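Right, one structure below, let's go through it.
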Amino acid sequence: MAKFINYERLIYENENGGAIEFSVGSDFYVNVSKDVNGIADVRNTLYTSSSMGQHGETFISQKINSRDIDIVGVINRKDKDNMLTLRRAMQKILNPELKATLTYIYGDFVKVIDVKVDNAPVFKRGAVLEQFTVQFSCPSPFWRDQQETKKDIASWIGSFYFPLEIPIDEGIQFGYREPSVIVDVYNEGDVDTGMRVAFKAIGTVENPLLLNINTGEFIQVNATLVAGDTVVVNTDYGSKGATLTRGGVESDYFRYIDVDSTFMQLKIGDNVFRYNASSGLDQLEVSIYYSPKYLGV
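See below:
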């Protein structure tokens with residue numbers, strides 16, 4: 024039986040797989056609730072206007088700013104050789120050149136955020152232990168779930184299982200098609216979020232479309248897909264685009280997106296979608312992938 028860890032942990036991992044745990048149980052000792060700033064709060068900027076004689080201001084818009092996370096701790100080794108080894112490991116892993124994530128873990132609660140090392144570790148010799156300060160910058164200030172959420176609108180449901188008995192003269196059904204063309208995608212996050220829409224053709228499909236029933240917005244691919252094709256449309260800020268995967272080869276497909284299409288976001292709460300196509304509707308499978316975004320942990 025796995026041992027339950029009942030203290031907060033922050034785990035930094037760079038794109039090369041190098042990782043450091045900051046917690047009260049780590050060689051890099053950090054009391055997350057006391058020694059870490061920036062994981063729970065966000066800064067908001069308001070844009071307003073004011074006219075002569077107007078009392079107060081008129082609200083125009085707002086934006087949530089990037090996030091800064093500061094970590095203060097100690098290298099939990101008194102002997103100098105081990106301390107220097109850990110300090111060097113820290114300097115190597117916390118490389119500002121590498122993409123990285125910071126994962127917050129407390130029991131079963133796990134959230135992830137993309138980070139960049141703002142300042143490499145600053146070390147200061149304390150009375151007994153080596154102290155360190157690490158500063159991260161998060162251009163996107165939102166935490167997200169560790170695993171992306173997938174919602175199928177149209178797909179095939181397997182019905183093949185063991186032990187297997189095939190009735191004589193009747194055969195067996197290996198799967199059946201999900202009949203619904205409508206799905207409710209629930210965004211439990213704190214803000215709107217982008218998504219990836221995957222149109223997969225199991226036969227010939229013309230002009231596949233995804234419609235937001237609530238808003239009337241849609242995404243349409245003006246092309247004919249053949250069996251095995253998958254078009255993925257990404258609506259997330261900073262990653263907007265479309266790709267086609269055919270025969271294992273991926274290519275840009277942005278020019279085939281209808282000009283009236285909207286790179287729509289998932290609103291907080293319910294988002295009701297349906298799919299369609301000019302022809303070949305029964306040959307189309309549609310899946311939506313998304314990660315709810317949270318303001319803090």
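Residue 32 in the numbering used here sits at position 9 of the sequence shown; the count goes up by one each step and never skips. In this text, a Cβ means the ideal position worked out from N, Cα and C, and glycines have one as well. Computed from a predicted structure; not experimentally measured.
According to DSSP, simplified to helix, strand and coil, what is residue i?
| i | result |
| --- | --- |
| Ala-150 | coil |
| Lys-103 | helix |
| Val-53 | coil |
| Ile-291 | coil |
| Leu-109 | helix |
| Asp-58 | helix |
| Arg-278 | helix |
| Ile-236 | coil |
| Asp-64 | coil |
| Leu-33 | strand |
| Asp-168 | strand |
| Leu-304 | helix |
| Lys-115 | helix |
| Gly-96 | strand |
| Pro-144 | strand |
| Gly-226 | coil |
| Val-255 | strand |
| Glu-44 | strand |
| Tyr-313 | strand |
Whole-angstrom Cβ separation of residue i and residue j, contact assumed at under 8 Å?
| i | j | result |
| --- | --- | --- |
| Tyr-298 | Leu-248 | Contact doesn't hold; Cβ gap of about 13 Å is too wide. |
| Leu-117 | Ala-143 | 6 Å |
| Ile-87 | Asn-67 | 6 Å |
| Lys-115 | Tyr-317 | About 31 Å; that fails the 8 Å criterion. |
| Val-266 | Val-282 | In the sequence on display, residue 266 carries Thr and not Val. No, Thr-266 and Val-282 are not in contact; Cβ-Cβ is about 18 Å, not under 8 Å. |
| Gly-96 | Phe-155 | 6 Å |
| Val-220 | Ile-311 | 6 Å |
| Lys-103 | Leu-152 | Wrong, their Cβ atoms sit about 11 Å apart, outside the cutoff. |
| Val-206 | Ile-242 | That belief does not hold up - the Cβ atoms of Val-206 and Ile-242 are roughly 14 Å apart, past 8 Å. |
| Asp-91 | Asp-141 | 7 Å |
Shortest alpha-carbon distance to residue i belongs to which of the options?
| i | options | result |
| --- | --- | --- |
| Pro-162 | Asn-67, Thr-268, Ile-34 and Ser-89 | Ser-89 |
| Lys-173 | Val-208, Glu-240 and Gln-154 | Val-208 |
| Met-218 | Asn-105, Val-95, Lys-290 and Val-140 | Lys-290 |
| Gly-303 | Ile-136, Thr-227, Val-151 and Gln-154 | Thr-227 |
| Asn-230 | Ile-311, Val-244, Val-97 and Glu-240 | Val-244 |
| Ala-250 | Phe-241, Phe-155, Tyr-260 and Thr-268 | Thr-268 |
| Asp-131 | Asn-29, Ala-300 and Gln-306 | Asn-29 |
| Leu-234 | Val-295, Val-272 and Gly-270 | Val-295 |
| Lys-263 | Gly-270, Thr-253 and Tyr-276 | Tyr-276 |
| Asp-305 | Lys-57, Val-204, Ala-150 and Ala-246 | Val-204 |
| Ile-128 | Gln-85, Asp-58 and Ser-46 | Ser-46 |
| Gly-292 | Ala-150, Val-53, Leu-69 and Pro-315 | Pro-315 |
Leaving out five residues before and five after residue i in sequence, what residues of the same chain have Cβ atoms less than 7 Å from its Cβ?
| i | result |
| --- | --- |
| Glu-44 | Arg-32, Ile-34 and Phe-51 |
| Thr-258 | Gly-217, Met-218, Phe-286, Met-287 and Gln-288 |
| Glu-240 | Thr-285 and Met-287 |
| Val-157 | Ile-94, Leu-117 and Pro-144 |
| Gly-271 | none |
| Asn-39 | Leu-121 |
Any beta carbon of chain B sitting closer than 8 Å to that of residue i?
| i | result |
| --- | --- |
| Val-204 | This model lacks chain B altogether; it includes just one protein chain. |
Pull up the distance between the alpha-carbon of residue i and that of residue j, whole angstroms please.
| i | j | result |
| --- | --- | --- |
| Val-65 | Pro-164 | 7 Å |
| Ala-224 | Asn-237 | 26 Å |
| Val-309 | Gln-169 | 23 Å |
| Phe-222 | Thr-124 | 29 Å |
| Ser-284 | Ser-274 | 20 Å |
| Thr-71 | Asp-215 | 22 Å |
| Lys-122 | Tyr-313 | 21 Å |
| Val-340 | Val-320 | Only positions 24 to 320 of the chain appear in this structure, which leaves residue 340 out of reach. |
| Asp-93 | Met-113 | 15 Å |
| Met-106 | Glu-171 | 38 Å |
| Ile-62 | Glu-120 | 22 Å |
| Asn-99 | Asn-210 | 41 Å |
| His-20 | Asp-252 | Residue numbering for the chain in the displayed model covers 24 to 320; residue 20 lies beyond these limits and cannot be assessed. |
| Val-53 | Ala-150 | 17 Å |
| Arg-111 | Phe-146 | 11 Å |
| Leu-307 | Ala-246 | 13 Å |
| Leu-69 | Gln-85 | 4 Å |
Leaving out five residues before and five after residue i in sequence, what residues of the same chain have Cβ atoms less than 6 Å from its Cβ?
| i | result |
| --- | --- |
| Ser-148 | One detail in the question is off: residue 148 reads as Arg in this sequence, not Ser. Closer than 6 Å at the Cβ level, and outside the excluded window around Arg-148, lies no residue. |
| Ile-136 | Leu-125, Cys-161 and Trp-166 |
| Glu-80 | Thr-71 and Ser-73 |
| Gly-76 | none |
| Asn-60 | Asp-93 |
| Ser-301 | Glu-229 and Asn-230 |
Who are the Cβ neighbours of residue i in its own chain at under 8 Å, not counting the five residues just before and after it?
| i | result |
| --- | --- |
| Ala-42 | Ile-34, Tyr-35, Glu-36 and Ile-116 |
| Ser-56 | Glu-31 |
| Asp-58 | Ile-94, Val-95 and Gly-96 |
I want to check one thing, is the minimum distance from the CB of residue i to the heavy atoms of the ligand MG below 7 Å?
| i | result |
| --- | --- |
| Asp-137 | Only the bare structure without any ligand can be found here, which leaves the ligand MG out of the picture. |
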